[in-house]
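16 is the number that numbering that gives the first Met the number 0 gives to position 17 of the sequence shown; each next residue is one higher, with no gaps. First the structure, in the form of structure tokens, and then the observations on it.
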Amino acid sequence: MTKKLFLTVIFIFSLQPFFAQAASPVNASEEIGSAKLCEQQQRQIKTLENDREKMTQEIHYLQDEVRHLNQTLDEIRSQVGNSEPRPLSY
Numbered sequence: 000m001t002k003k004l005f006l007t008v009i010f011i012f013s014l015q016p017f018f019a020q021a022a023s024p025v026n027a028s029e030e031i032g033s034a035k036l037c038e039q040q041q042r043q044i045k046t047l048e049n050d051r052e053k054m055t056q057e058i059h060y061l062q063d064e065v066r067h068l069n070q071t072l073d074e075i076r077s078q079v080g081n082s083e084p085r086p087l088s089y
């Protein structure tokens, strides 16, 4: 599960250039009219914000899952007599 969390975080950071690109100013002389381009950018920004919210929810879910797995691991360790704390790399 930690690998999935790591990959999710990497994916979110990879979206940052898209957020910057969506918010960057555009020359009005492009093929698409400025009003249509503005609408297109607003839709793109909204889509990216929704994706970011979904990824944030996924991260919270994965963090809860990791906490639950760590708790289960601690319980198993205590049952088998291994009272050493789990490694911090988990």
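Each residue gets a CB set at the ideal place from its N, CA and C atoms; glycine is no exception. Everything numeric in this text was worked out from a predicted model, so none of it was measured.
Query, Result
"Anyone know if the C-beta pair for residue 52 and residue 7 falls short of 8 Å?", "no"
"Figure out for me which residue from 73, 64, 77 has the closest Cα to the Cα of residue 2.", "64"
"In terms of residues, what are the limits of the alpha helix (DSSP H) holding residue 65?", "33 to 78"
"Can you tell which of 70, 77, 55, 69 has its C-alpha closest to the C-alpha of residue 9?", "55"
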